[in-house]
Every structure is written in structure tokens, then in C-alpha cells.
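Trainee: Let me begin by handing over the structure; questions about it come next.
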Amino acid sequence: MSTGGGRARALLSTLPVVVLLGVVILHGLGEAVHARLLQVGEHLYPGYAELREDPTPPTCDPNAATEAPAEAPSDQGEDDAFLDDLLGDDGEADAGAAAAAARAAAQRCKAEHERYAALQARITPSLRVFRALEGAVAAFVQTGVSYLRHTLVLLLLLCALTATAFRLHIALRPVQTRRDLLLSEGVSALATLALTVSSYFKWQVDLDSGLRTQNAAIPILWMVGFGIMTLLSVRHLLRPPADLEPGGSWTKALLAIPLFAVMGVVGAIHFFLWEGHASGLAIYLQKLSEHALLYLHVGLYVWAGMLLKRTRLAHLTFDLVRPWKLPPELLAFVVVAGAAIPTAYSGASGIFVIAAGSVIYTELIRAGARPQLALAATAMSGSLGVVLSPCLLVVIVASLNKQVTTTQLYGWGWKVFLLTATLFFVASLIVGRKVPKIEAPGRALRGTLAALRPLLPYALILSGLLLVYGLGLDTVLNEHTAPAMLPVLLLALLAYDRRAARREARLGPHAEGAEYETRA
56 MSTGGGRARA LLSTLPVVVL LGVVILHGLG EAVHARLLQV GEHLYPGYAE LREDPTPPTC
116 DPNAATEAPA EAPSDQGEDD AFLDDLLGDD GEADAGAAAA AARAAAQRCK AEHERYAALQ
176 ARITPSLRVF RALEGAVAAF VQTGVSYLRH TLVLLLLLCA LTATAFRLHI ALRPVQTRRD
236 LLLSEGVSAL ATLALTVSSY FKWQVDLDSG LRTQNAAIPI LWMVGFGIMT LLSVRHLLRP
296 PADLEPGGSW TKALLAIPLF AVMGVVGAIH FFLWEGHASG LAIYLQKLSE HALLYLHVGL
356 YVWAGMLLKR TRLAHLTFDL VRPWKLPPEL LAFVVVAGAA IPTAYSGASG IFVIAAGSVI
416 YTELIRAGAR PQLALAATAM SGSLGVVLSP CLLVVIVASL NKQVTTTQLY GWGWKVFLLT
476 ATLFFVASLI VGRKVPKIEA PGRALRGTLA ALRPLLPYAL ILSGLLLVYG LGLDTVLNEH
536 TAPAMLPVLL LALLAYDRRA ARREARLGPH AEGAEYETRA
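Position one of the sequence shown corresponds to residue 56 (the working numbering), numbered consecutively onward.
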């Protein structure tokens, strides 16, 4: 019962998040499909941009008289004629200009009618079907753009509610005693209550302004979400876990307060008590949604890192290096430098450490590395790649600072990477306890080639999907498309990985593609 209940709770907390991330992926895919449909439409129906909608019929009459109307006889006397001469008024010239203008207007009107007739003739049943499909995709993309902020707020609140319900917020110390729980949940309740109240005042400010915007519901979402978080924290206080130790130290309990709660309380004190601006906290919070797509991409990168962790790619990649029997210091350098590329494609250093950190630490310890070196290499394994393309952190910096571009930052990033990698390599050699020795190249190369075989299917799947994206959607993997493409690629790799693991489990250690190990 408990296992089933735990699975149900996990499914309830993760499924909505997966659905929201899936919607973001569909939005990115929809943009690529729409761009491709426009290209196909221009190829099949030249001038498709003019045919996307039915042309508006001209309102002018092409058969109207082209000559200017004759002027009535003038009753002006000599005084009026003298005044016309004085002002330079040439009646004959005006009449000629009016006639020319009338003829030009008639020609334009005739051209508009001819263009309208030509466009009408080109609107065939097949064109109507195609533009209906293209219009539906365009409407889906536009709807996604309109609700990106709402999607981000829902995603953040769902994750925050899950962390609150299971007491998983980040703190400097886990909750172990009653006093830890009292401060942790008490301060969290105060922070979320302050955010709830501030969101309410922000909502009232929006109502009083009289301006109706499509983002008017965002303060309500914040208010409801933070209100539920407050109730959950109060529930934890009233029903503490039975495994908590009695008593505890108030000083240590301060370290158990979640970091978000500390920031929330400090912000509330500033805005409520110091500035007397009740809605200020919510106003600054809502600025988070101004770059909604970037932060949604962060969520996609985190998901990609989690998917990478579920595969055996980290283990299989280490099999390529293991036959060389590298000393710990040299192996640490190879790991740190080699991890730069997957770090760049996983968006941030922390995501890659989550995905491959345990494997890196275990392999370095197995190779004889000191725990300090293993920890340092594990931490740095996700650091060098943050300056390489297509890392999302660089995109965020370029979005917030208009004085630089991603091209400039990525160009300097390679130089920073080479410099840092060289310094780390030199430092690894200096702190080494003995002269580095490696396996004989011939034997090591045979082992690497044997270990490369299980990775070939992954490479083929990856290449095939990239080819489909390139030929089908005219989309390449770069810093703009990587967030929406990587989860799709890794889901395909994970599906194959699970199938290959089950096959190897049935066939035993002699299965094709089994892990290669070089015995000492």
C-alpha cells in the first residue's frame, strides 16, 4: 500500500511538470514546423505570403471618368484676376494636373482590380487546404507565445508545491530535530504568506488601474500557489514526522531554514516595513516572467540532464578511457576537459554534475585518486563547458546585456576553455605523486575500439534524428534550438538504452556490446 501510494504521489507531482515541459517542446517544434511550412508554401505557390488570406476586393471604380470635371464659368472680375496673378495661381495648370491625377488614379484602380482577379484565380482548393493547415500551426504557435508566462508560473509553482509537500527545499542543513522543523516550516510559512499577501495587493493594483491585459491572471496564480504552500507548511508544523529527534539546537536550526524562505522574509521586511510597498515583492517576482522562454529552456535543460542520468552513456563513455589505465591526475584532466562538450549541451554545470557526477567520482576513486581530487574533478567536470556553444547561460547573459552577442561570448569562451584546461592539466601534473604511466598504446587502442562498439547505436540514433530535423524541418542544433531538441533526442536514446539493457540482461555477459573491462 505504501509503495503504491508513494508511486501515486510521485506520479501526481511529476506528471503535470512533464506535461508542461512537453507543451514547451511542442511549441518549439511548432515554430520549426511553421517556418518549414512557409518555405514549402512559397515553393509550391510562389508569392504564398499574399495568398495566406483571401485578398480584399478594391473599392474603386475602374470605369470612372478619367478627365477632370470642367469648371463652371467664373464670375470673377478684373480684381480677382489681378489677385490670382499676384498669388501665382495658374488655373490652366491646375486643370491639367487634376486631369493627370485622375488618369493615374484610374490606372491604379485598374491595376488593383487586375491584381485582385489574378490572386483570386490562384486560390485553388489545394491552396485552401494547405493554408488551413499552415494557419492552424501558426495559431498554435501564437497561442503558445501568448501563454508562455502562464506556463512558466505554473511550472515554478508545481515544482515549489512538490518541494514543500515532501519537504525538499534547499537548505544548508537537513531537518533532523523538532526545533529544526519549527524554524524551517515556520519561516517558510511566513515567507509564502508574505508572497501571498503581496500578490493580492499586486492584483488589486492591476484592478484599480483599469487596464485589461492577458497577464492579469498571473498574480492570481501566484496568490493561489503561495497560499497552498503556506497551508502545507502549517500542516507540517501541526503534524511533524515521527522520526524527528526531540529538542535540538536553535543555532543549528537556523541552518535548516530553506534558502528561498530566508530571501522571502528579508524581501518582505524590506517592502512591507521599510518601504511600505505591499505589492513590491510581487512586482519584482513578476519580473521573472519577462524572460519566460529562457527560464522554460532552463527547465528543459534540467529535464535533459535527468534523462541523460537515466541512460548508461556515462558508463559506456568511461569504458573508452579505462583501457588506457591513466593515472588519477591525468584521468581527472581527461574527465574535466572531456565533460565540457556535454556540459555545454546540457545547459549548465550543475545539470551535468547531476547526470554524471556519481559515475565520475566512482571511476576516479577506482583509479586511485584521492577523495579531494575526485571531488574537485567531479565539481569541475561541469564547469569548463559553460562558456562553450550552445550553453544556455551564455544566451541568458547576452539577453540581459545588449552590449554583447552570443557570437562574441562563444568566441571568447573557446579561449577561456583552452586556458583553463591547460592550467588544470599543468596543476594535475604538478600535484601528481609519480611520473604518469599509461597502458601500451596498441593494447589500449584495441580496448577502446572494443568499447566503442556499444556506443555506435547511440551515435546512429542521434545522427538519424538530427538528419530528420535538418532535412525535414531545416533545423540544426544550436543555442536557440537545443532546449527543445535535446529532450527529444535523449528520450529516443533512453528508449534504446532500456531495450539494450534488457537484451544484455537476457543474454548475459557474452552479449554483443557488453561492457569491456581491461584487467590489471
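Here a beta-carbon is modelled for each residue, glycine too, at the ideal position from N, C-alpha and C. Note that the structure is predicted; figures quoted are calculated from it, not measured.
1) Could you check whether the segment 322-333 touches the segment 344-353, counting it as contact only if at least three pairs of C-beta atoms, one from each stretch, sit closer than 8 Å?
2) Of the choices Ile406, Leu174, Ser413, whose alpha-carbon is the least far from that of His370?
3) Could you give the DSSP three-state label for Thr462: helix, strand or coil?
4) How far does the alpha helix (DSSP H) with Glu300 in it extend, from its first residue to its last?
5) Measuring straight from C-alpha to C-alpha, what distance separates Thr247 and Gly303?
6) Note down, in chain order, each residue of its chain lying with its Cβ closer than 8 Å to the Cβ of Ala272, except the 5 sequence neighbours on either side.
7) For the alpha helix (DSSP H) holding Tyr551, just list the boundary residues, first then last.
8) With distances taken Cα to Cα, identify the nearest neighbour of Ala308 among Arg377, Leu237, Trp277.
9) Could you give the residue range of the alpha helix (DSSP H) that holds Val192?
10) Count the other CB atoms, across all protein chains shown, that sit within 10 Å of the CB of Phe221; report buried if there are 16 or more and exposed otherwise.
11) Rank Arg163, Pro180, Ser438, Val73 by C-alpha distance to the C-alpha of Leu106 and give the top, closest one.
12) Between the beta-carbon of Ala87 and the beta-carbon of Leu528, is there less than 7 Å?
13) Do you know how far the Cα of Leu443 is from the Cα of Leu517?
14) Under the rule that 16 or more other beta-carbon atoms within 10 Å means buried, what is Trp305, buried or exposed?
15) Using a Cβ distance threshold of 8 Å, determine whether the segment 87-96 contacts the segment 528-548, with at least three qualifying pairs required.
16) In angstroms, rounded to a whole number, what distance separates the CA positions of Leu544 and Leu76?
17) Whole angstroms is fine: what's the gap from Leu138's alpha carbon to Arg158's?
18) Exposed or buried, which one is Trp329 when buried takes at least 16 other CB atoms within 10 Å?
19) What are the start and end residues of each continuous alpha helix (DSSP H) run of 4 or more residues lying completely inside the segment 380-407, in chain order?
20) Across the segment 175-193 and the segment 244-262, are there enough close Cβ pairs to call them in contact, namely three or more that are closer than 8 Å?
21) What number of angstroms, rounded off, separates the C-alpha of His98 from the C-alpha of Ala104?
22) Ignore the nearest five residues each way along the sequence and tell me which others in Ala424's own chain have a CB closer than 8 Å to its CB.
23) How about Gly502 and Pro378: are their beta carbons less than 7 Å apart?
24) So does the segment 278-290 actually touch the segment 359-373, counting three or more Cβ pairs closer than 8 Å?
25) So, for Met278: in the same chain, excluding its five sequence neighbours on each side, which residues have a beta-carbon less than 7 Å away from its beta-carbon?
26) Nearest-angstrom Cα distance between Phe327 and Ile225?
27) Mapping DSSP to helix, strand and coil, what is Thr114?
28) With C-beta atoms as the reference, is Leu363 less than 7 Å away from Ala410?
29) Quick check: what's the CA-CA separation for Val390 versus Leu507?
30) Compare the C-alpha of Glu162 against each of Leu207, Pro113, Val523, Gln175 and name the closest.
31) Just to check my reading of the structure: His168 and Pro110 have Cβ atoms closer than 8 Å, yes? What is that Cβ distance to the nearest angstrom?
32) According to DSSP, simplified to helix, strand and coil, what is Thr366?
33) Going along the chain, which residues of its own chain have a beta-carbon closer than 7 Å to the beta-carbon of Ser483, five neighbours each way excluded?
34) For a test of the three-state rule: what should DSSP assign to Thr232, helix, strand or coil?
35) With a Cβ-Cβ cutoff of 7 Å, do Leu351 and Leu207 count as a contact?
Mentor: With the structure as the only source:
1) no
2) Within the sequence shown, numbered from 1, the residue matching residue 370 stands at position 315. Comparing Cα-Cα distances from His370 to each of Ile406, Leu174, Ser413, the minimum goes to Ser413.
3) Position 407 of the sequence shown, counting from 1, holds the residue named residue 462. Here Thr462 sits in helix by DSSP.
4) Here residue 300 is taken as the residue at index 245 of the sequence shown, counted from 1. First-last for Glu300: undefined, no H or E at that position.
5) Taking the sequence shown and counting its residues from 1, one reaches residue 247 at position 192. Taking the sequence shown and counting its residues from 1, one reaches residue 303 at position 248. C-alpha separation (whole angstroms): 25 Å.
6) Looking up residue 272 in the sequence shown gives position 217. If we look at Ala272 and ignore the five residues flanking it on each side, its Cβ neighbours are His205.
7) Position 496 of the sequence shown holds residue 551. First-last of the alpha helix (DSSP H) with Tyr551: 537-562.
8) For the purposes of this step, residue 308 is taken as residue 253 along the sequence shown, with counting starting at 1. Sorting Arg377, Leu237, Trp277 by C-alpha distance to the C-alpha of Ala308 places Leu237 at the top.
9) In the sequence shown, counting from the first residue as 1, residue 192 sits at position 137. Start and end: 180-201.
10) Here residue 221 corresponds to residue number 166 of the sequence shown, with the count starting at 1. With fewer than 16 Cβ atoms within 10 Å of its Cβ, Phe221 is classed as exposed.
11) Numbered from 1 along the sequence shown, position 51 holds the residue referred to as residue 106. The shortest C-alpha separation from Leu106 is found at Pro180.
12) Walking along the sequence shown from the start, residue 87 turns up at place 32. Walking along the sequence shown from the start, residue 528 turns up at place 473. Contact: yes.
13) Mapped onto the sequence shown, residue 517 falls at position 462. Mapped onto the sequence shown, residue 443 falls at position 388. Taking the straight line from one Cα to the other gives about 20 Å.
14) Mapped onto the sequence shown, residue 305 falls at position 250. It counts as exposed.
15) yes
16) The count along the sequence shown starts at 1 and reaches residue 544 at position 489. The count along the sequence shown starts at 1 and reaches residue 76 at position 21. Distance between the alpha carbons of Leu544 and Leu76 is about 15 Å.
17) By one-based count along the sequence shown, residue 138 stands at place 83. By one-based count along the sequence shown, residue 158 stands at place 103. For Leu138, the predicted structure reports a pLDDT of 49, less than 50, and the residue's modelled location is therefore unreliable. The matter cannot be settled from this model.
18) Counting from one through the sequence shown, the residue named residue 329 turns up at place 274. With fewer than 16 other Cβ atoms within 10 Å, it is exposed.
19) 383-393, 395-401
20) no
21) Within the sequence shown, residue 98 is the residue found at index 43, counting from 1. Within the sequence shown, residue 104 is the residue found at index 49, counting from 1. Straight-line measurement puts the Cα of Ala104 at about 11 Å from the Cα of His98.
22) As a position in the sequence shown, residue 424 is number 369, starting the count at 1. Closer than 8 Å at Cβ, skipping near neighbours: Pro383, Glu384, Leu386, Ala387, Ala432.
23) Here residue 502 refers to the residue found at position 447 of the sequence shown. Here residue 378 refers to the residue found at position 323 of the sequence shown. Closer than 7 Å, so yes.
24) no
25) Sequence index remark: in the sequence shown, residue 278 carries index 223 (1-based). The residues are Thr251, Ser254, Tyr255, Trp258.
26) For this step, residue 327 is matched to residue 272 along the sequence shown. For this step, residue 225 is matched to residue 170 along the sequence shown. Taking the straight line joining both Cα atoms gives about 25 Å.
27) The count along the sequence shown starts at 1 and reaches residue 114 at position 59. The answer is coil: DSSP assigns Thr114 none of H, G, I, E or B.
28) By 1-based counting over the sequence shown, the position of residue 363 is 308. By 1-based counting over the sequence shown, the position of residue 410 is 355. Yes, these two residues count as a Cβ contact at 7 Å.
29) Reading the sequence shown from its first residue, position 335 is the one you call residue 390. Reading the sequence shown from its first residue, position 452 is the one you call residue 507. Across the structure, Val390 and Leu507 are spaced so that their CA atoms are roughly 17 Å apart.
30) Position 107 of the sequence shown, counting from 1, holds the residue named residue 162. This sequence places Gln at residue 162; Glu is not what is there. For Gln162, the nearest C-alpha among the options comes from Pro113.
31) Numbered from its first residue, the sequence shown carries residue 168 at position 113. Numbered from its first residue, the sequence shown carries residue 110 at position 55. Taking the Cβ atoms as the reference, His168 lies roughly 11 Å from Pro110, outside the contact range of under 8 Å.
32) One-based indexing of the sequence shown puts residue 366 at position 311. Thr366: coil per DSSP, three-state reduction.
33) One-based indexing of the sequence shown puts residue 483 at position 428. Within the same chain, and ignoring the five residues on either side of Ser483 in sequence, the residues whose Cβ sits closer than 7 Å to its Cβ are Glu384, Leu385, Ala387, Phe388.
34) By one-based count along the sequence shown, residue 232 stands at place 177. DSSP places Thr232 in strand when its eight states are reduced to three.
35) By one-based count along the sequence shown, residue 351 stands at place 296. By one-based count along the sequence shown, residue 207 stands at place 152. Taking 7 Å as the Cβ cut-off, Leu351 and Leu207 qualify as a contacting pair.
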